[in-house]
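Colleague: Numbering-wise, our numbering puts 154 at position 157 of the sequence shown, and it's gapless, one number per residue.
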Amino acid sequence: MKKLYFNYLNTFKGLSNEVWWLSLITLINRAGTMVIPFLSLYLTKSLQFTLKDVGWIMTCFGLGSVLGSWLGGKLTDKIGFYKVMKTSLFLTGLLFIALQFVNTFAGFCIGIFLVMLVADTFRPAMFVALSTYSKPENKTRSVTLIRLAINLGFSAGPAVGGLIITSLDYSGLFWVDGVTCILATVLLVNVLNPKKAKVLDEIKVENPQSVFSDKAFWVFFVGMFIFGFIFLQYFSTMPLYYKDVHHLTELEIGLLMGLNGFFIFLLEMPLIKWLEESKYTKEFLMFFGLLLTGLSFVVINLTGWVGILIVGMLFMTIGEMIAFPFSNAFVMERAKKGNQGEYMAYYSIAFSMSHIFGHNSGMQLIDNIGFDNTWNFMIVLSGIGVLFLLMLVRIVKREKVIA
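This is how it looks when you write it as structure tokens:
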């Protein structure tokens, strides 16, 4: 046990102070995003919206995310990641607090669009900051530490969110979301001010290659869009499945979703360090991560036993633990020949587009063909994504031979 403990600690060695601070800022920010997993329940139970209404609201969520990611990339390349991150966090806090007072369908569509437009300018800027503050050999583990912070926040968020809903009501979630964003801004200003932070890998490209001429990136983009599409079902349609089919309470749903973050917190860093030292390429590991996520939908359709929900969550969690860090590291590596903000923006846009189509399609499919057939659709879609990532493996292998 002692050896395991020290081996676990060793996986965190060598990361810069700035990466640790960035992780803490992300943890504070993400601990407050407890509204998101409960959004579909809030809209249907508190505001009495239909599933179709919720689908369109989630599409506005995704549209805001796409535009925000694109804008974040452009602004990061023009004015730098620090200003973008600071402004995004502060304004997001104010908008989340205001969103609780919106109760019409059109108003909520506009409100959630604006929240995500401002909130997701943060993502490309944060990824560029992460790359800047990481040594080249530590980038995958730096990404993993950020994800650890995100998932630690997500594991605490739904569990605490369930308690807040039970003891108070949904409006408390919006207040917590807003206040945590503002607190994260205060911390950012104090510890990551450009005058204090130490740059470890500043990339300057004289003649940057456009992301649009990078064939491998666009095959990767489609694979990540599909991965995001099926992964996001766990945060929109799956809570409804837990409640309507398996009759779980909000607190039980929060605890089950919290398992995802707990396992990531416990296992992701050692797993990534072990995989980094293995013979497997980033492209193959992304393929394997998507395969496991697809299998999570296979297992929940096998039986009506409530325990299978935990098995499905485990499959999805392991798939996510592998796919996200290595996909991020893959983009950071390719961004060295172009504009970093642009590459990181389109990486974020792949997932933002998943928000546009994933939530709405999932809601419409459930409304028309039921939960079981919706999960079958996700299984087929994950198979298509797996084929795209296998194509990526071949393209990158060919690039290395030519080089």
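All residues carry an ideal CB built from backbone N, CA and C; glycine is no exception.
Looking only at its own chain, which residues have a Cβ that is under 7 Å from the Cβ of Q230, when we skip the five neighbours before and after it?
Modeller: Here residue 230 corresponds to residue number 233 of the sequence shown, with the count starting at 1. Within the same chain, Q230 has close Cβ partners G355, G359, M375.
Colleague: DSSP state of P191, grouped into three classes?
Modeller: Along the sequence shown, read from residue 1 onward, the residue named residue 191 stands at position 194. Three-state result, P191: coil.
Colleague: Measure the alpha-carbon distance for A236 versus F35 and round it to whole angstroms.
Modeller: Working through the sequence shown from its first residue, we reach residue 236 at position 239. Working through the sequence shown from its first residue, we reach residue 35 at position 38. Before going further, note that residue 236 is Pro rather than Ala in the sequence given. The straight-line gap from Cα to Cα measures roughly 8 Å.
Colleague: Which same chain residues, not among the five before or five after K394, have their C-beta less than 7 Å away from its C-beta?
Modeller: If you number the sequence shown from 1, residue 394 lands on position 397. Cβ neighbours of K394 beyond the five flanking positions: none.
Colleague: Hey, how far is the Cα of W18 from the Cα of D174?
Modeller: In the sequence shown, residue 18 corresponds to position 21, counting from 1. In the sequence shown, residue 174 corresponds to position 177, counting from 1. Their backbone Cα atoms lie some 20 Å apart in a straight line.
Colleague: Below 8 Å on the Cβ atoms is my contact criterion, and I expect G286 with I319 to pass it. Report the Cβ-Cβ distance as a whole number of Å.
Modeller: Against the sequence shown, residue 286 aligns to sequence position 289. Against the sequence shown, residue 319 aligns to sequence position 322. With 8 Å as the limit, G286 and I319 qualify as a contact, their Cβ atoms being about 4 Å apart.
Colleague: If you follow the alpha helix (DSSP H) that N257 is in, where does it begin and where does it stop?
Modeller: Taking the sequence shown and counting its residues from 1, the one referred to as residue 257 is at position 260. 247 to 273 is the extent of the alpha helix (DSSP H) around N257.
Colleague: Quick one: residues in its chain with C-beta nearer than 8 Å to the C-beta of D74, no 5 flanking neighbours on either side, listed in chain order?
Modeller: As a working note, residue 74 is residue 77 in the sequence shown. If we look at D74 and ignore the five residues flanking it on each side, its Cβ neighbours are N336, Q337, G338, E339.
Colleague: What do you get for R144, buried or exposed, if any count of 16 or more other CB atoms within 10 angstroms of its CB means buried?
Modeller: One-based indexing of the sequence shown puts residue 144 at position 147. Its Cβ being crowded by 16 or more others within 10 Å, R144 is buried.
Colleague: Near W172, which residues of its chain fall below 8 Å by C-beta distance, leaving aside the five closest residues on each side in sequence?
Modeller: Here residue 172 refers to the residue found at position 175 when the sequence shown is read from its first residue. Excluding residues within five positions, the ones whose Cβ falls inside 8 Å are I94, Q97.
Colleague: Going by DSSP, what residue range makes up the alpha helix (DSSP H) through T314?
Modeller: By 1-based counting over the sequence shown, the position of residue 314 is 317. T314 -> alpha helix (DSSP H) spans 305 to 331.
Colleague: Leaving out five residues before and five after S139 in sequence, what residues of the same chain have Cβ atoms less than 7 Å from its Cβ?
Modeller: Taking the sequence shown and counting its residues from 1, one reaches residue 139 at position 142. Within the same chain, S139 has close Cβ partners L12, V16, L127, S131.
Colleague: How long is the line joining the alpha carbons of F218 and L299, rounded to whole angstroms?
Modeller: Here residue 218 refers to the residue found at position 221 when the sequence shown is read from its first residue. Here residue 299 refers to the residue found at position 302 when the sequence shown is read from its first residue. C-alpha separation (whole angstroms): 31 Å.
Colleague: Within the same chain, show all residues whose beta-carbon is closer than 6 Å to that of M388, passing over the 5 residues directly before and after it, in chain order.
Modeller: Counting from one through the sequence shown, the residue named residue 388 turns up at place 391. V216.
Colleague: Within a Cβ cutoff of 6 Å, which residues of the same chain sit near Y39, ignoring the five residues on either side of it in sequence?
Modeller: On the sequence shown, position 42 is the one that residue 39 refers to. The residues are Y167.
Colleague: Closest to V63 by C-alpha separation, out of N190, L264, P133, A342, would be which residue?
Modeller: Within the sequence shown, numbered from 1, the residue matching residue 63 stands at position 66. Nearest option by C-alpha distance: A342.
Colleague: Rounded C-beta distance between T137 and F323? I'm assuming under 8 Å.
Modeller: As a first step, residue 137 is located in the sequence shown; it is residue number 140 there, counting from the start. As a first step, residue 323 is located in the sequence shown; it is residue number 326 there, counting from the start. Correct: roughly 7 Å between the Cβ atoms.
Colleague: Is the region 97 to 106 in contact with the region 40 to 50, if contact means three or more CB pairs nearer than 8 Å?
Modeller: Segments in contact, yes.
Colleague: Under the assumption that T314 contacts N257 (Cβ atoms under 8 Å), give the Cβ distance between them as a whole number of angstroms.
Modeller: As a working mapping, residue 314 is identified with position 317 in the sequence shown. As a working mapping, residue 257 is identified with position 260 in the sequence shown. 5 Å between Cβ atoms; contact.
Colleague: Just the C-alpha distance for I227 and T290, rounded to the nearest angstrom, thanks.
Modeller: Against the sequence shown, residue 227 aligns to sequence position 230. Against the sequence shown, residue 290 aligns to sequence position 293. So the alpha carbons of these two residues sit roughly 8 Å apart.
Colleague: Quick one: is K49 buried, meaning 16 or more other Cβ sit within 10 Å of its Cβ, or exposed?
Modeller: Taking the first residue of the sequence shown as position 1, residue 49 is located at position 52. Label assigned to K49: exposed.
Colleague: Using C-beta distances below 7 Å, list every residue in its chain close to D364, excluding the 5 sequence neighbours before and after it, in chain order.
Modeller: Counted from its first residue, the sequence shown places residue 364 at position 367. For D364, where only same-chain residues beyond five positions count, the Cβ hits under 7 Å are L48, K49.
Colleague: Please list, in chain order, all residues of the same chain as F87 whose beta carbon is under 8 Å from its beta carbon, the five residues on each side excluded.
Modeller: The residue given as residue 87 occupies position 90 in the sequence shown. Excluding residues within five positions, the ones whose Cβ falls inside 8 Å are C178, I179, T182.
Colleague: Under DSSP, the alpha helix (DSSP H) around E280 begins and ends at which residues?
Modeller: Taking the first residue of the sequence shown as 1, we reach residue 280 at position 283. Start and end: 279 to 297.
Colleague: With DSSP as the reference, label H352 as helix, strand or coil.
Modeller: Sequence index remark: in the sequence shown, residue 352 carries index 355 (1-based). Reduced to three states, the DSSP call for H352 is helix.
Colleague: Output the distance between the C-alpha atoms of W271 and Y277, rounded to the nearest integer angstrom.
Modeller: The sequence position of residue 271 within the sequence shown is 274, counting from 1. The sequence position of residue 277 within the sequence shown is 280, counting from 1. Each residue's alpha carbon lies about 10 Å from the other.
Colleague: Keeping to the same chain, check which residues put their C-beta closer than 7 Å to that of L292; ignore five residues upstream and five downstream.
Modeller: What you label residue 292 is simply residue 295 of the sequence shown in a count that begins at 1. Within the same chain, L292 has close Cβ partners F312.
Colleague: Please give the ranges of any alpha helix (DSSP H) in the region 206 to 243, keeping only runs that are unbroken, at least 4 residues long and fully inside the region.
Modeller: With a minimum length of 4 residues, the continuous alpha helix (DSSP H) runs that stay inside the region 206 to 243 are 212 to 228, 234 to 241.
Colleague: Using C-beta distances below 7 Å, list every residue in its chain close to L114, excluding the 5 sequence neighbours before and after it, in chain order.
Modeller: Indexing the sequence shown from 1 puts residue 114 at position 117. Within the same chain, L114 has close Cβ partners G61, L64, G65.
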